[in-house]
Amino acid sequence: MSPARSLVAAIPVRNEADRIGCCLRALAAQQDACLTHAVLLVNNSTDGTADRVQAAIPCLPFCVSVVERTYPPPVAHAGTARSDAMKVAAAMAGPDGILLTTDADGVVAPDWLARNLAALDNGADAVCGRALIDPAEARLLPACLHEDDRAEMAYATMLDRIHHLIDPDPHDPWPRHTEHSGASIAVRVGAWRQAGGVPPLPLGEDRGFLMALRNVDAAIRHAPDVMVTVSGRTVGRARGGMADTMARRLIRQDEMLDESLEPATTCLHRAQARAALRRLRAMNPSTRSYQEAGRRLARQLGLPLPYVIGVTQERFFGMAWSQLEATGPELRRMPVRRCELDLHVRQAERIMRQLLAPRSAACV
1 MSPARSLVAA IPVRNEADRI GCCLRALAAQ QDACLTHAVL LVNNSTDGTA DRVQAAIPCL
61 PFCVSVVERT YPPPVAHAGT ARSDAMKVAA AMAGPDGILL TTDADGVVAP DWLARNLAAL
121 DNGADAVCGR ALIDPAEARL LPACLHEDDR AEMAYATMLD RIHHLIDPDP HDPWPRHTEH
181 SGASIAVRVG AWRQAGGVPP LPLGEDRGFL MALRNVDAAI RHAPDVMVTV SGRTVGRARG
241 GMADTMARRL IRQDEMLDES LEPATTCLHR AQARAALRRL RAMNPSTRSY QEAGRRLARQ
301 LGLPLPYVIG VTQERFFGMA WSQLEATGPE LRRMPVRRCE LDLHVRQAER IMRQLLAPRS
361 AACV
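Each residue of the sequence shown is one higher than the last, beginning at 1 in the UniProt record's numbering.
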């Protein structure tokens, strides 16, 4: 690790007077690495959060900038705050710096910074960590919430394994996880800038940012050893966020799974099409085999061949795939009903057995 590389954390903060101290102490207690600077963008707070931060600054081993903002109601959300916090942090970090972001109610693991840096030094442009609910607060939640979450996460892992087996990513090897949480993201300033920064979305700015990174072919690592603990509260600061989801599920179980999940058969088709596009882009466009592969992909996606060939010429693979995925009728997202999850799990298990069988036989 270069000693000249700036490591700047960007943290959106709103009414977190009771938790911001734990967040900062965890960042101060990092092993084998230390932040250069932390930017706390305190927005629309009414509980003295900024005063708590100022009181903690003398005890911290890194510099702290407190940026206070009051956003108008239409844009007073975590997406705006995280987007602006990252902009301020990027200016401090410089073009060769590293940006990190977490939540104000998050307590990063003692090796959080070191493990993020290890993944970046191993070739990643961005690192997604795991966000785990504080164990003490998790025990206060009913068992049904934990059971639903475990079932959904297990199915998400199955779908991700299908993608890994068909279209492996050398920068994101197995094992990995499927989370895209703003509670734990590290990214090179250059990649952040090329992706256009964090989109100021009212909900899901973290997923939107990872999608933007994928569109410019950033190397993204979902590191299972990078972890942060977050609160298990059911009254949150972000409308529509994790706290709202848990509060809603306390009253009634959601009919549908997370929107990122789909039937296993559709996942298989999506992974095959993605791999086919990758192979097509690696071929010589003037060859007959290229035209034949293009026709197969066009039929697979239900799209006209000229359109598919045109999109294939995009500068970035991620951008080409994003366009095909958005327009291909065969790749239309289909939601999964929770009551049908067992059926889709069995289908995913069958698909994985079929994909793993040749590999197992080859190892005998």
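Idealized CB from N, CA, C, for every residue including glycine.
The structure displayed is predicted, hence computed values, not measured ones.
Whole-number beta carbon distance between residue j and residue i, since they are thought to touch under 8 Å
i, j, result
"residue 397", "G48", "Missing from the structure shown is residue 397; the chain here goes from 1 to 364 and no further."
"A76", "N43", "7 Å"
"S231", "R19", "7 Å"
"T36", "F62", "6 Å"
"V127", "A119", "4 Å"
"R278", "F317", "6 Å"
"V187", "L60", "Wrong, their Cβ atoms sit about 23 Å apart, outside the cutoff."
"L280", "A293", "5 Å"
"A29", "A114", "With 8 Å as the limit, A29 and A114 do not qualify as a contact, their Cβ atoms being about 12 Å apart."
"L159", "C267", "5 Å"
"A151", "L7", "The pair is not a contact, with the Cβ atoms about 37 Å apart (cut-off 8 Å)."
"V189", "A38", "V189 to A38, Cβ: 16 Å. No contact."
Extent of the continuous alpha helix (DSSP H) run through residue i
i, result
"V216", "V216 -> no alpha helix (DSSP H), and no H or E assigned at all."
"I166", "A143 to I166"
"L268", "A264 to R281"
"F317", "F317 to T327"
"A29", "A29 -> no alpha helix (DSSP H), and no H or E assigned at all."
"E16", "From DSSP, E16 is part of no alpha helix (DSSP H); its letter is neither H nor E."
"T80", "A78 to A93"
"Q54", "T49 to A56"
"A288", "With the sequence shown as reference, residue 288 is identified as Arg, and Ala is not the correct amino acid for it. Looking at the DSSP string, the run of the alpha helix (DSSP H) that includes R288 is R288 to L301."
"W112", "W112 to D121"
"P306", "L305 to T312"
Bridge partners - residue i, DSSP secondary structure assignment
i, result
"M256", "R337"
"T229", "V107 and L132"
"S65", "V39"
"T70", "Partner(s): none; T70 has no beta bridge."
"V8", "H37 and L99"
"H222", "C128"
Member of the options whose CA lies at the smallest distance from the CA of residue i
i, options, result
"V88", "R161, R193, P58 and A109", "R193"
"E330", "A273, R130 and Y155", "A273"
"R161", "H177, L277 and D148", "H177"
"V107", "L213, S6, L24 and R296", "L24"
"Y155", "L261, A326 and V39", "L261"
"E259", "G196, T229 and R338", "R338"
"I133", "V127, A118 and D149", "D149"
"T157", "A348, R270, R296 and E68", "A348"
"P168", "A143, A275 and E255", "A275"
"residue 367", "S6, A26 and A50", "Because the chain in this structure spans residues 1 to 364, residue 367 falls outside the shown range and cannot be described."
"H344", "T265, F316 and W321", "T265"
"H171", "L145, R214 and A151", "R214"
"Q31", "A56, S83 and W112", "W112"
"L257", "R333, G208, Q313 and T287", "R333"
"R14", "A28, L7 and V67", "V67"
"V64", "P72, H164 and A9", "A9"
"Q323", "G79, N284 and M211", "M211"
"T70", "A131, L41, R346 and E292", "L41"
"L356", "Y307, H164, F209 and V308", "H164"
"V226", "S6, G79, G97 and N116", "N116"
"P110", "T312, C22 and L341", "C22"
"P263", "A91, D84 and I351", "I351"
"T327", "L7, V311 and S289", "V311"
"G97", "P58, A191, A282 and A151", "A191"
"A56", "T229, A26, A91 and P72", "A26"
"M86", "R130, E147, D206 and E325", "D206"
"R5", "M283, G129, P95 and Q291", "P95"
"G196", "D84, Q313 and A78", "D84"
Limits of the unbroken beta strand (DSSP E) element including residue i
i, result
"A186", "I185 to R188"
The ligand ATP heavy atom lying under 6 Å from the CB of residue i
i, result
"D169", "Among the components modelled here there is no ligand, and therefore nothing to report on the ligand ATP."
For this session: Assess, as a yes-or-no matter, whether the segment 290-304 is touched by the segment 195-205 under the definition of 3 or more beta carbon pairs within less than 8 Å.
Result: no
Exercise. Pairing CB atoms from the segment 220-231 with CB atoms from the segment 117-137, are three or more of them under 8 Å?
Worked result: Contact between the segment 220-231 and the segment 117-137 is present: 3 or more CB-CB pairs across the two stretches fall below 8 Å.
Problem set entry | Three-pair Cβ contact test at 8 Å for the segment 173-185 versus the segment 99-114 | Touching, yes, given that three or more Cβ pairs across the two stretches are closer than 8 Å.
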